[in-house]
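Written out below as structure tokens is the structure these notes cover.
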Amino acid sequence: MSSSIPSEITGFTVPDQSKWDQPVVQKYPAKKMLEHDVVIKVQVCSVCGTDHHTTSGGWGPTKRKDQVVGHEIVGKVVAKGDKVPYSIGDLVGVGAQSNSCGQCSLCLSDNEQYCTRRVQTYNSIDPFSDNYANQGGFASHIIVNHRFAFKIPDGLTPEEAAPLFCAGLTVYSPLIRNLRGKKSPKVGIVGIGGLGHLALQFANKMGAHVVAISRSSAKKDDASKLGAHEFVATKESENWHEEHASSFDLILNCATSFSDLDIPAFFNVVKPDGKIIGVGLPDADETITLSAVGLTLSGKYIGGSVLGSPQEAVEMLQFAVEHNVRPWIEIKPLSIANYADSLTRISKSDAHYRLVLNNFESFFS
């Protein structure tokens, strides 16, 4: 074990979910550092829709009253366990997962994100660390298993890298798993927001024919700059699903709702053996209704994907550097006002396209 292990951490908490836009800066006991853990002094954290869902109660009560959110984190290693390959001072990033069992068939097949004992970076009980209720990255420090902390490659600034650890990995994983080996696949990206704007770039650089799909044409120009070859505004074209019938290999739904989609229309545009995959997480009580007969007769698939594996995270970062995939970001220094404003803007889908807060060391000093 090494030094610089904090006994207490300071972070932005939301003690009352009804007042999620009124954060409080509090101290709380640090998680015990184990031999495979790294202590990270946070420099940058970007805001994800999950942060708002959690603080506002959209996914129910949190695991602790002083819950800290944030899982698009970049910072420097300041302490590490004896079995950690990183060096003190390494710049690393952390996404929405901080541990898994490392022993099951899923973990051993590069599917750690689906491990039944996976541990989320925040709002999750860590059975591998005395059942500590995890805290997120809007804090002075965070402690995670080193397998879920990734070195930032040259060519990415901390502010550029942060959104890649949730939004980037969330879209990269289903895209690479479904497009690898296919020649000029046709891919539809639904929802041009924090996830979708990265999905457009990744899909384009993977060699796909990319179609941006949104309700209106308001983001058509942005979509084109991000790599879309075509744009479909579903509320402005009644026959869009007929014009694109049975032509998509993959539809990636990056919007935060599945029930808002016209499911029959989207099924109509997917090829047999094609897939509709959801990656945006809605509120916990949202459901969708499907025709079982229609699903069977279609030869098509609908499902979901969450995050990505550690191996995919490493590949994704290198892919982003080599192919110039970058999040479109707005940067502000960390403060109570800027943090509260960022949560409010995310709740209104008012980000272009990721909100990043930096200067953590200055604030917490």
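Taking the working numbering, the leading residue of the sequence shown gets -1, the next gets one more, and so forth. Even glycine gets a Cβ: it sits at the ideal position worked out from N, Cα and C. Remember, predicted model here, so these are calculated numbers, not experimental data.
Residue closest to Leu288, alpha-carbon to alpha-carbon, out of Trp238, Pro262, Gly297: Within the sequence shown, residue 288 is the residue found at index 290, counting from 1. Put simply, of Trp238, Pro262, Gly297 the residue whose alpha carbon is nearest the alpha carbon of Leu288 is Pro262.
Any chain B beta carbon closer than 9 Å to His195: You won't find chain B in this structure, because it holds only one protein chain.
Comparing the CB of Asn357 with every heavy atom of the ligand NAD, is any distance shorter than 8 Å? What this structure holds is no ligand at all, so the ligand NAD is not there to describe.
Is the segment 166 to 181 touching the segment 299 to 315 in the sense that three or more CB pairs, one from each, lie closer than 8 Å? Short answer: they touch.
Rounded to a whole number of angstroms, what is the C-alpha to C-alpha distance between Gly68 and Ser212? Locating residue 68 in the sequence shown gives position 70, where the first residue counts as 1. Locating residue 212 in the sequence shown gives position 214, where the first residue counts as 1. Our two residues, Gly68 and Ser212, have alpha carbons roughly 27 Å apart in a direct line.
Evaluate Phe22 with the Cβ neighbour count: other Cβ atoms within 10 Å of its Cβ, from every protein chain shown; 16 or more gives buried, anything less gives exposed. The residue you call residue 22 lines up with position 24 of the sequence shown. In the sequence on display, residue 22 carries Val and not Phe. Exposed.
Which residues in the same chain as Asn109 place their Cβ atom closer than 7 Å to its Cβ, once the five residues preceding and following it in sequence are excluded? By one-based count along the sequence shown, residue 109 stands at place 111. Closer than 7 Å at Cβ, skipping near neighbours: Ser307.
Under three-state DSSP, which class holds Asn251? Taking the sequence shown and counting its residues from 1, one reaches residue 251 at position 253. In this structure, Asn251 counts as strand in the three-state DSSP scheme.
From Leu295, Gly292, Cys252, Val312, pick the residue whose C-alpha is nearest to that of Tyr351; which is it? Numbered from its first residue, the sequence shown carries residue 351 at position 353. Checking every option, the nearest Cα to that of Tyr351 belongs to Cys252.
Whether Cys43 touches Glu70 by CB criterion (9 Å): Within the sequence shown, residue 43 is the residue found at index 45, counting from 1. Within the sequence shown, residue 70 is the residue found at index 72, counting from 1. The answer is yes: Cβ separation under 9 Å.
Quick one: residues in its chain with C-beta nearer than 7 Å to the C-beta of Leu332, no 5 flanking neighbours on either side, listed in chain order? Locating residue 332 in the sequence shown gives position 334, where the first residue counts as 1. Once the five neighbours on either side are set aside, the close Cβ partners of Leu332 are Leu355, Asn356, Asn357, Phe358, Phe361.
Which value, in whole angstroms, describes the spacing of the CA atoms of His139 and Glu33? In the sequence shown, the residue the question calls residue 139 occupies position 141. In the sequence shown, the residue the question calls residue 33 occupies position 35. In a straight line, the C-alpha of His139 is about 17 Å away from that of Glu33.
As a quick exercise: from Gly297, Ser98, Gln118, Gly47, pick the residue whose alpha carbon is nearest that of Ser255. Taking the first residue of the sequence shown as position 1, residue 255 is located at position 257. Scanning Gly297, Ser98, Gln118, Gly47 for the CA closest to the CA of Ser255 turns up Gly47.
Got a sec? Which residues, its chain only, sit under 6 Å from Gly24 by beta carbon, not counting five neighbours each side? The residue given as residue 24 occupies position 26 in the sequence shown. The question names Gly, but residue 24 in the sequence shown is Gln. Excluding positions up to five away in sequence, the list reads Thr11, Asp64.
For a test of the three-state rule: what should DSSP assign to Gln15, helix, strand or coil? Counted from its first residue, the sequence shown places residue 15 at position 17. Looking at Gln15 - three-state DSSP - the assignment turns out to be helix.
Measuring only the C-alpha atoms, how far is Asp19 from Asp49? Taking the first residue of the sequence shown as position 1, residue 19 is located at position 21. Taking the first residue of the sequence shown as position 1, residue 49 is located at position 51. Going by the C-alpha atoms only, they are around 11 Å apart.
When you compare each of Ser54, Phe317, Glu313 to Ala338 by their alpha carbons, which one comes out closest? Within the sequence shown, residue 338 is the residue found at index 340, counting from 1. Measuring from the Cα of Ala338, the nearest candidate turns out to be Ser54.
Determine which residues share a DSSP beta bridge with Ala282 and list them. On the sequence shown, position 284 is the one that residue 282 refers to. Note: Ala282 sits in no beta bridge, so no partner.
Could you give the distance in angstroms between the alpha-carbon of Val142 and the alpha-carbon of Val323? Counting from 1 along the sequence shown, the entry for residue 142 is found at position 144. Counting from 1 along the sequence shown, the entry for residue 323 is found at position 325. Straight across, the Cα-Cα distance linking Val142 with Val323 is about 26 Å.
Alpha helix (DSSP H) segment containing Asn336, residue limits: Within the sequence shown, residue 336 is the residue found at index 338, counting from 1. Note, Asn336: alpha helix (DSSP H), 334 to 345.
Residues of its chain near Lys61, where Cβ-Cβ distance is below 7 Å and the 5 sequence neighbours each way are ignored: For the purposes of this step, residue 61 is identified with residue 63 of the sequence shown, where counting begins at 1. Excluding sequence neighbours, Lys61 sits near Asn121, Ser122, Ile123, Ala131.
Assess, as a yes-or-no matter, whether the segment 149 to 168 is touched by the segment 86 to 94 under the definition of 3 or more beta carbon pairs within less than 8 Å. With the cut-off at 8 Å, the segment 86 to 94 and the segment 149 to 168 touch.
In its own chain, which residues sit with a C-beta less than 6 Å from the C-beta of Ser2, not counting the 5 before and 5 after it? Here residue 2 is taken as the residue at index 4 of the sequence shown, counted from 1. Sequence-distant Cβ neighbours of Ser2 in its own chain, meaning closer than 6 Å and more than five residues away, are Val76, Ala77.
Please name the residue in Glu310, Val45, Val40 whose C-alpha comes closest to that of Arg343. Here residue 343 is taken as the residue at index 345 of the sequence shown, counted from 1. With distances taken between Cα atoms, Arg343 lies closest to Val45.
Between which residues of its own chain and Gly301 is the CB-CB distance below 8 Å, once the five residues before and five after are set aside? Along the sequence shown, read from residue 1 onward, the residue named residue 301 stands at position 303. The answer, listed in chain order, is Lys273, Ile274, Ile275, Gly276.
Which partner residues of Asp35 appear in the DSSP bridge assignment? Taking the sequence shown and counting its residues from 1, one reaches residue 35 at position 37. Partner(s): Asn143.
Contact set for Pro13: own chain, Cβ-Cβ below 7 Å, skip 5 residues either direction: Position 15 of the sequence shown, counted from the first residue, corresponds to residue 13. Cβ neighbours of Pro13 within its own chain (closer than 7 Å, five residues either side excluded): Val22, Lys63, Asp64.
Among Lys30, Ser85, Gly87, which one has its Cα closest to the Cα of Asn129? On the sequence shown, residue 129 is found 131 positions in, with the first residue counted as 1. Residue Lys30 is the option with its Cα nearest to Asn129.
Identified DSSP bridge partners for Lys74: If you number the sequence shown from 1, residue 74 lands on position 76. DSSP links Lys74 through a beta bridge to Lys39, Leu89.
Within the same chain, show all residues whose beta-carbon is closer than 8 Å to that of Gln15, passing over the 5 residues directly before and after it, in chain order. Here residue 15 is taken as the residue at index 17 of the sequence shown, counted from 1. The answer, listed in chain order, is Thr53, Ser54, Gly55, Pro59, Thr60.
Range of the contiguous beta strand (DSSP E) that encloses Pro448: Nothing can be reported for residue 448, as the shown portion of the chain is limited to -1 through 363.
Cα separation between Leu104 and Tyr112? To locate residue 104, count along the sequence shown from 1; it is residue 106. To locate residue 112, count along the sequence shown from 1; it is residue 114. Separation of Leu104 and Tyr112 (C-alpha to C-alpha, rounded to the nearest whole angstrom) is 7 Å.
Give me the Cα-Cα distance between Met(-1) and Ala28, rounded to the nearest whole angstrom. The count along the sequence shown starts at 1 and reaches residue -1 at position 1. The count along the sequence shown starts at 1 and reaches residue 28 at position 30. For Met(-1), the pLDDT reaches just 47, beneath the cut-off of 50, and the residue's location in the model is therefore unreliable, although a value from the coordinates is still provided. Distance between the alpha carbons of Met(-1) and Ala28: 16 Å.
Given a threshold of 16 other Cβ atoms within 10 Å of its Cβ, counted over all protein chains shown, does Gln118 qualify as buried or as exposed? In the sequence shown, counting from the first residue as 1, residue 118 sits at position 120. Gln118 comes out buried.
Identify every run of the alpha helix (DSSP H) within the segment 289 to 325, keeping only runs that are complete inside it and at least 4 residues long; order them along the chain. Note on the segment 289 to 325: whole alpha helix (DSSP H) runs with a minimum of 4 residues are 290 to 296, 308 to 321, in chain order.
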